[in-house]
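In the working numbering, the protein residues as written are 216 to 405.
Below is the structure:
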């Protein structure tokens with residue numbers, strides 16, 4: 216998606232160790248028009264998969280996932296919580312994944328109220344890097360006996376191997392923008 220690529224190059228900051236800061240339009244401040252365009256693009260890409268729900272992880276995946284849900288006709292968006300609120304009754308689907316930006320392991324929890332057997336799930340997240348967070352979401356879908364129909368992200372960093380790690384799920388994987396190199400302070404897009 217050309218507009219997204221332009222914004223990454225103009226405003227993105229390579230912080231080293233594969234960390235891309237795009238806080239001016241996605242991860243801290245939101246450019247709603249840009250995210251709506253990304254959501255529409257992902258919705259077009261996955262229109263034929265007919266998802267019944269979209270799944271993401273809090274916090275940064277929420278806006279892109281909501282935009283995709285809206286663009287697909289107001290499909291419900293479910294997000295995996297990192298901390299269990301008192302309103303989330305047991306049992307819950309729970310998986311863990313290392314956080315690339317936080318440097319620790321996070322738990323991802325989803326209530327069985329919101330993902331059930333027979334649901335068709337499209338996973339939407341902000342980044343595809345190592346694929347570990349998205350893989351944890353895929354395992355939640357599997358635990359719920361739901362059907363995973365695809366994986367979409369706003370940005371993919373191919374050099375971190377996440378796509379290869381996720382191909383075992385056998386579903387289409389799409390990124391609105393793909394970064395192929397961030398060595399030596401660069402940001403190189405595909």
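We treat Cβ as the ideally placed atom computed from N, Cα and C, and that holds for glycine.
Here the structure is a predicted model, which is why all the values come from computation and not from measurement.
>> Taking the alpha carbon of residue 413 as the reference point, which residue from 277, 339, 234 has its own alpha carbon closest?
In response: For the chain, the structure presents residues 216 to 405; residue 413 sits outside this window and is missing.
> If you draw a straight line from the alpha carbon of residue 309 to that of residue 355, how long is it in whole angstroms?
Replying inline: The count along the chain shown starts at 1 and reaches residue 309 at position 94. The count along the chain shown starts at 1 and reaches residue 355 at position 140. Approximately 7 Å between the Cα atoms of the pair.
>> Going by DSSP, what residue range makes up the beta strand (DSSP E) through residue 335?
In response: By 1-based counting over the chain shown, the position of residue 335 is 120. Where residue 335 is concerned, the enclosing beta strand (DSSP E) stretches over 335–343.
> Starting from residue 365 and walking both ways along the alpha helix (DSSP H), at which residues does that stretch end?
Replying inline: Here residue 365 is taken as the residue at index 150 of the chain shown, counted from 1. It is not in any alpha helix (DSSP H) - residue 365 instead sits in the beta strand (DSSP E) that spans 362–372.
> Can you name, in chain order, every residue of its own chain whose Cβ lies under 8 Å from the Cβ of residue 216, other than the five neighbours on each side?
Replying inline: As a first step, residue 216 must be located in the chain shown, where it is residue number 1. For residue 216, where only same-chain residues beyond five positions count, the Cβ hits under 8 Å are 252, 253, 256, 391, 392.
> So what's residue 382 in DSSP terms, helix, strand or just coil?
Replying inline: Here residue 382 is taken as the residue at index 167 of the chain shown, counted from 1. It is helical.
>> Taking its Cβ as the centre, do 16 or more other Cβ atoms sit within 10 Å of residue 401, making it buried, or is it exposed?
In response: The residue given as residue 401 occupies position 186 in the chain shown. Counting Cβ neighbours within 10 Å, residue 401 comes out exposed, since fewer than 16 surround it.
>> Just list the residues that DSSP pairs residue 396 with in beta bridges.
In response: Counted from its first residue, the chain shown places residue 396 at position 181. Its beta-bridge partners are 403.
> When you compare only the Cα positions, how much space is there between residue 365 and residue 232?
Replying inline: In the chain shown, residue 365 corresponds to position 150, counting from 1. In the chain shown, residue 232 corresponds to position 17, counting from 1. Going by the C-alpha atoms only, they are around 28 Å apart.
>> So within the stretch 268–292, which uninterrupted beta strand (DSSP E) runs reach at least 3 residues, ignoring any that extend past its ends?
In response: 268–272
> Thinking C-beta only, is residue 312 closer than 8 Å to residue 350?
Replying inline: Looking up residue 350 in the chain shown gives position 135. Looking up residue 312 in the chain shown gives position 97. A contact, by the Cβ cut-off of 8 Å.
> residue 247 by DSSP, collapsed to three states: which one?
Replying inline: Translated into positions along the chain shown, residue 247 becomes position 32. Reduced to three states, the DSSP call for residue 247 is helix.
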